[in-house]
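**Q** Just so you know, the sequence shown maps onto residues 93 to 620 in the numbering used here.
We put the CB at the ideal spot given by N, CA and C, even for glycine.
Keep in mind it's a predicted model, so treat the numbers as computed, not measured.
Before anything else, here's the structure in question.
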Amino acid sequence: MPQFDFLVIGSGIAGLSYAAKVARYFEQTQQDVSIAVITKVQADETNTKYAQGGIAVVWAESDSFEKHIHDTMDAGDGINNREIVEIVVKEAPERIMELIDYGTRFDKEHGGAYDLAKEGGHSDHRILHFKDITGAEIERALLAEVSRHKSIQIFTHYYAVELITQHQLGATIYRYHDDIKCFGAYVLNRKTGQVEKFLAKTTLLATGGIGNIYQSTTNPTIATGDGIAMAYRSKGICDNMEFIQFHPTSLYQQGKKPSFLISEAVRGFGGILKHEDGSTFMEHYDERLSLAPRDIVARAIDSEMKKNGVDHVYLDVRHCDYDKFLEHFPNITQYCLDTGIDIRKDMIPVVPAQHYMCGGIRVDAHGKTNINFLYAVGECACTGLHGANRLASNSLLEAAVFGHKAYESAVAGFAGAVIPDGIPEWDDSGTTHPEEHVLVTEMTRELNSIMSNYVGIVRTNRRMKRAYDRLELLHKEHEELYKESKVSVPICELRNMINVAYLVLKMAMARRENIGLHFNSDHVGDRS
């Protein structure tokens, strides 16, 4: 029975930076500590790894904190928590320096200064990047840093099934939401098929996003909303789930999942959105043209596709300096070439795809949830930074800043964390291995269809009511299967996706105004 001081569920920038800082703190204070990082596949398969564009930070003399704050608030349609926005923006340089100290490389100009890119919604050049694989570079450096600390154990191919709270001790009703305490998680060892009890004094959820509830997403296949669903089932409070960001420009490849991302930075570099005949259209939607915020660009593309009866539009970079483009975007250039697209003479076919969720588990300024000794950081958390829409390249920054905030709070409150006796083992008596794997596959396809067709870029009351009715039936059908089945990753992932899809839909139906990423055509012009 593993027992740890700190349990980290997820191995992206949020989880790894938190773990490294906790380990370093206890090493410097010469105290023993045990830290477990669990990840359901290999350690580097995370949402972080797939972040192409970069990480936003005020670095240039022409830039300022106030400009970055304004851009973030503007993108978020003003419902951001300004206090949080100020914290993240002002702490950014220090957090970035830590990543550099860990060995993270960012591209530099020939004179040695950092090459700062500009992306949609930003009023200045402030995006640090490494080619077009910034996330993968940060992930590499953090894994190297974590490996230096003997107090950290990484458990690969371990899948968190359920959080451990008082419920497992017989407490079925909580008087208040903040009465709840977390003592770790039940975790499936994917190699043995057994569910193990990972007890911990403090638990951090850093499980990423929910992209796979949709048919088309840039998220890796692991992004199934596990952390949010586990917290929700343990009476964790979730917010802003209706704000789902669709990246305007994923590469159009019918049926491919995940979708290959054509970074926002490509438009920042000079890429222009066009129709097949070469005509432009963004001038009809926003004065910032192709550099407008993502929600505006995604809805514009969606509108143009429906208006013209086409499956995609195009991103034209043929006029850009090819050598410089190749230097900045070698991965994108090669991937396009591998699919038969020569960017020197061909326009890139693009279509919106689910990309990021601005809501999640509600946390305070220290990453604390309403469940005691449970923290949430990164895309699974709702900090208030993004408001109704995320500004490009603020996500990696948020994870770094709140990984630090959670670390500070967790070590400060560590002395008060106690694991009670009597927590039972996982009980799967009376269950069997399901023979009908096709049921899970078909239910997943149905869920994807419901969310993509009825709770996508543009919503209506009728579509969402139909989605609710179909989702309710799907939930009942799956719960019957779950109760009679041995735990497996596909069954648990589908359960979690149904849970988070319900949260997205419920909050979208409750939203009576069009704001940011939530657009209901029945409420056009409404803004309370």
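#1: Let me check one thing: in DSSP terms, what residues is D331 bridge-paired to?
#2: According to DSSP, N464 sits in a beta bridge with which residue or residues?
#3: What does the Cβ neighbour count give for G548, buried or exposed, with the cut at 16 atoms within 10 Å?
#4: Along the beta strand (DSSP E) that carries S239, what are the first and last residues, could you check?
#5: Are S355 and D224 close, meaning C-beta to C-beta below 7 Å?
#6: Per the DSSP calculation, H339 is bridged to which residue(s)?
#7: Touching or not, the region 418-434 and the region 276-292, by the rule of three or more beta carbon pairs under 8 Å?
#8: Flag this pair as touching only if the region 323-343 and the region 585-600 have three or more C-beta atom pairs under 8 Å; answer yes or no.
#9: Tell me whether T138 sits in a helix, a strand or coil according to DSSP, three-state version.
#10: If we call anything under 7 Å between Cβ atoms a contact, is E605 one with T523?
#11: For K460, does the count of other Cβ atoms within 10 angstroms reach 16, so buried, or fall short, so exposed?
#12: Roughly how many angstroms lie between the CA atoms of N332 and I320, to the nearest whole one?
#13: To which residues of the same chain is I329 closer than 6 Å at the C-beta, ignoring the five residues directly before and after it?
#14: For P516, count neighbouring Cβ atoms within 10 angstroms of its own Cβ and tell me buried if that reaches 16, exposed if not.
#15: Using only alpha-carbon positions, find the residue among C412, F417, L365, E379 that is nearest to D394.
#16: Distance, Cα to Cα, I342 vs G363?
#17: Just mark I130 as buried or exposed, buried being the case when its beta carbon has 16 or more other beta carbons within 10 Å.
#18: Within 10 angstroms of its Cβ, does A292 collect 16 or more other Cβ (buried), or is it exposed?
#19: Going by DSSP, which residues form a beta bridge with Q95?
#20: Run through DSSP, which three-state label would S577 get?
#21: Mind reading off the beta-carbon distance from G107 to G479? Whole number of angstroms is fine, and I expect it under 8 Å.
#22: From H160, I590, E375, pick the residue whose C-alpha is nearest to that of I302; which is it?
#23: Which of the three DSSP states is assigned to T536 in this structure?
#24: Starting from I320, trace the alpha helix (DSSP H) both ways and give me its first and last residue.
#25: Pull the bridge partners of H610 from the DSSP assignment, please.
#26: Check whether the Cβ atoms of S382 and R359 sit closer than 7 Å, and answer yes or no.
#27: Rounded to the nearest angstrom, what separates V180 and E490 at their Cα positions?
#28: With distances taken Cα to Cα, identify the nearest neighbour of G146 among A357, F361, H447, E379.
#29: Taking the beta carbon of E201 as the centre, do at least 16 other beta carbons fall within 10 Å, making it buried, or is it exposed?
#30: What do you get for M449, buried or exposed, if any count of 16 or more other CB atoms within 10 angstroms of its CB means buried?
#31: Closest to H214 by C-alpha separation, out of H249, K182, A148, R232, would be which residue?
#32: Pull up the distance between the alpha-carbon of E183 and that of H160, whole angstroms please.
#33: Taking the alpha carbon of D124 as the reference point, which residue from V114, K437, T313 has its own alpha carbon closest?
#34: Which runs of the beta strand (DSSP E) at least 3 residues long sit entirely within the region 166-235? Give them in chain order.
#35: Put F118 into one of helix, strand or coil per three-state DSSP.
#36: Output yes or no for whether 7 Å exceeds the beta carbon distance between G212 and N481.
**A** Walking through what the data contain:
#1: Reading the sequence shown from its first residue, position 239 is the one you call residue 331. Looking at the DSSP assignment, D331 forms a beta bridge with G452.
#2: Position 372 of the sequence shown, counting from 1, holds the residue named residue 464. Answer by DSSP bridge pairing, in chain order: K273.
#3: Position 456 of the sequence shown holds residue 548. Looking at its Cβ environment, which holds 16 or more other Cβ atoms inside 10 Å, G548 is buried.
#4: Mapped onto the sequence shown, residue 239 falls at position 147. S239 -> not in any beta strand (DSSP E); alpha helix (DSSP H) instead, spanning 226-239.
#5: Residue mapping note: residue 355 aligns to position 263 of the sequence shown, counting from 1. Residue mapping note: residue 224 aligns to position 132 of the sequence shown, counting from 1. In contact: S355 and D224 (Cβ atoms closer than 7 Å).
#6: Taking the sequence shown and counting its residues from 1, one reaches residue 339 at position 247. Looking at the DSSP assignment, H339 forms a beta bridge with A445.
#7: no
#8: yes
#9: To locate residue 138, count along the sequence shown from 1; it is residue 46. T138 falls in the coil class under three-state DSSP.
#10: Position 513 of the sequence shown holds residue 605. Position 431 of the sequence shown holds residue 523. Contact: no.
#11: Within the sequence shown, numbered from 1, the residue matching residue 460 stands at position 368. Buried, by the Cβ-count rule.
#12: Numbered from 1 along the sequence shown, position 240 holds the residue referred to as residue 332. Numbered from 1 along the sequence shown, position 228 holds the residue referred to as residue 320. Using only the alpha carbons, I get a separation of about 12 Å.
#13: Looking up residue 329 in the sequence shown gives position 237. Closer than 6 Å at Cβ, skipping near neighbours: R454, N462.
#14: Start at 1 with the first residue of the sequence shown, and residue 516 comes out as number 424. That one is exposed.
#15: As a first step, residue 394 is located in the sequence shown; it is residue number 302 there, counting from the start. If we check each option's Cα against that of D394, L365 comes out closest.
#16: Here residue 342 refers to the residue found at position 250 of the sequence shown. Here residue 363 refers to the residue found at position 271 of the sequence shown. Strictly speaking, residue 342 in this sequence is Ser, with Ile absent from that position. So the two alpha carbons sit approximately 14 Å from each other.
#17: The sequence position of residue 130 within the sequence shown is 38, counting from 1. By the 10 Å Cβ count, I130 comes out buried.
#18: As a first step, residue 292 is located in the sequence shown; it is residue number 200 there, counting from the start. By the 10 Å Cβ count, A292 comes out buried.
#19: Locating residue 95 in the sequence shown gives position 3, where the first residue counts as 1. The partner list for Q95 (beta bridge, DSSP) reads L291.
#20: Taking the first residue of the sequence shown as 1, we reach residue 577 at position 485. Three-state DSSP puts S577 in a strand.
#21: Translated into positions along the sequence shown, residue 107 becomes position 15. Translated into positions along the sequence shown, residue 479 becomes position 387. With a Cβ gap of about 24 Å, G107 and G479 do not count as contacting.
#22: Against the sequence shown, residue 302 aligns to sequence position 210. The residue with the shortest Cα to Cα distance from I302 is I590.
#23: Residue 536 sits at position 444 when you count from the first residue of the sequence shown. It is helical.
#24: As a working note, residue 320 is residue 228 in the sequence shown. Its alpha helix (DSSP H) spans residues 318-325.
#25: Along the sequence shown, read from residue 1 onward, the residue named residue 610 stands at position 518. Answer is I607, bridged to H610.
#26: For the purposes of this step, residue 382 is taken as residue 290 along the sequence shown, with counting starting at 1. For the purposes of this step, residue 359 is taken as residue 267 along the sequence shown, with counting starting at 1. The answer is yes: Cβ separation under 7 Å.
#27: Locating residue 180 in the sequence shown gives position 88, where the first residue counts as 1. Locating residue 490 in the sequence shown gives position 398, where the first residue counts as 1. Looking at the two C-alpha atoms, the distance is approximately 6 Å.
#28: Against the sequence shown, residue 146 aligns to sequence position 54. When only C-alpha atoms are compared, the closest one is A357.
#29: Against the sequence shown, residue 201 aligns to sequence position 109. Counting Cβ neighbours within 10 Å, E201 comes out exposed, since fewer than 16 surround it.
#30: Here the question's residue 449 lines up with position 357 in the sequence shown. Under this definition M449 is a buried residue.
#31: Translated into positions along the sequence shown, residue 214 becomes position 122. If we check each option's Cα against that of H214, A148 comes out closest.
#32: In the sequence shown, residue 183 corresponds to position 91, counting from 1. In the sequence shown, residue 160 corresponds to position 68, counting from 1. Cα to Cα, the separation comes out at about 12 Å.
#33: As a first step, residue 124 must be located in the sequence shown, where it is residue number 32. The option with the nearest alpha carbon to D124 is V114.
#34: none
#35: Residue 118 sits at position 26 when you count from the first residue of the sequence shown. In the structure shown, F118 sits in a helix (DSSP, three-state: H, G or I).
#36: Your numbering for residue 212 matches position 120 in the sequence shown. Your numbering for residue 481 matches position 389 in the sequence shown. No. Outside cutoff.
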